[in-house]
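Asks:
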Amino acid sequence: MAIVGGKLNHLVGNGGEVLDALQELTRLAVQTSTGDRSRLMLDIEGFRSGRKSELKKLAEKMAEKAKSSGEEIRLEPMNAFERKVIHDTIQDLGLSSESEGEDPDRFVVIFPN
Numbered sequence: 001m002a003i004v005g006g007k008l009n010h011l012v013g014n015g016g017e018v019l020d021a022l023q024e025l026t027r028l029a030v031q032t033s034t035g036d037r038s039r040l041m042l043d044i045e046g047f048r049s050g051r052k053s054e055l056k057k058l059a060e061k062m063a064e065k066a067k068s069s070g071e072e073i074r075l076e077p078m079n080a081f082e083r084k085v086i087h088d089t090i091q092d093l094g095l096s097s098e099s100e101g102e103d104p105d106r107f108v109v110i111f112p113n
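Start counting the sequence shown at 1; every next residue gets the next number (the working numbering).
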């Protein structure tokens, strides 16, 4: 679900924190109403789509680094959305990755295969 309009940056918050909270509240409301768990994704002013693009580039760069060095690469802690983008991109590149740690310090490790 995309929300567009004038001056919505305050609904995104610092690093998407407000957007994440709004998404979770919306997801819970849908689940309460329908009884089904949804994979609803909320985007405001293109924040998530822009972040997704940045994360794909990061994953590609780190995959290349893992392949050339032969060593695993540990990324900074990320939220679930960000980790999923990284995992999906790494898989598309033919490498493997996994998440380690506990939230909010959970992070992705990329393996050189």
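In this text, a Cβ means the ideal position worked out from N, Cα and C, and glycines have one as well.
Looking at the secondary structure, which residues open and close the beta strand (DSSP E) in which S96 lies?
Replies: By 1-based counting over the sequence shown, the position of residue 96 is 96. S96 to E100 is the span of the beta strand (DSSP E), which, as asked, contains S96.
Asks: Count the other CB atoms within 10 Å of the CB of R37; is the residue buried (16 or more) or exposed (fewer)?
Replies: The sequence position of residue 37 within the sequence shown is 37, counting from 1. Classification for R37: exposed.
Asks: Taking the straight line between their C-alpha atoms, what separation do you get for N9 and I44?
Replies: In the sequence shown, residue 9 corresponds to position 9, counting from 1. In the sequence shown, residue 44 corresponds to position 44, counting from 1. Answer to the nearest angstrom: the Cα atoms are 8 angstroms apart.
Asks: Apply the 10 Å Cβ neighbour rule to R48 and answer buried if 16 or more other Cβ atoms are within range, or exposed otherwise.
Replies: For the purposes of this step, residue 48 is identified with residue 48 of the sequence shown, where counting begins at 1. R48 is buried by the Cβ-count criterion.
Asks: Could you spell out the range, first to last residue, of the beta strand (DSSP E) harbouring V109?
Replies: Here the question's residue 109 lines up with position 109 in the sequence shown. From DSSP, the beta strand (DSSP E) with V109 extends over F107 to F111.
Asks: Among the residues of its own chain, which have a CB less than 8 angstroms from the CB of T89, if the five just before and after it don't count?
Replies: Mapped onto the sequence shown, residue 89 falls at position 89. Excluding residues within five positions, the ones whose Cβ falls inside 8 angstroms are L55, K56, A59, E60 and A63.
Asks: Quick one, which of V108, N14 and V18 has its alpha-carbon nearest A66's?
Replies: As a working note, residue 66 is residue 66 in the sequence shown. The shortest C-alpha separation from A66 is found at V108.
Asks: Excluding five sequence neighbours on each side, which residues of the same chain lie with their C-beta closer than 8 angstroms to the C-beta of S69?
Replies: Counting from one through the sequence shown, the residue named residue 69 turns up at place 69. P112, listed in sequence order.
Asks: For G16, is the classification buried or exposed, using 16 other Cβ atoms within 10 angstroms of its Cβ as the cut-off for buried?
Replies: Within the sequence shown, the letter at position 16 stands for residue 16. Flag for G16 reads buried.
Asks: Spell out the partners DSSP gives A2 in its beta bridges.
Replies: Numbered from 1 along the sequence shown, position 2 holds the residue referred to as residue 2. Looking at the DSSP assignment, A2 forms a beta bridge with D43.
Asks: Does R184 come out as helix, strand or coil in the three-state DSSP assignment?
Replies: It is not possible to answer for residue 184, since the shown part of the chain is limited to 1 through 113.
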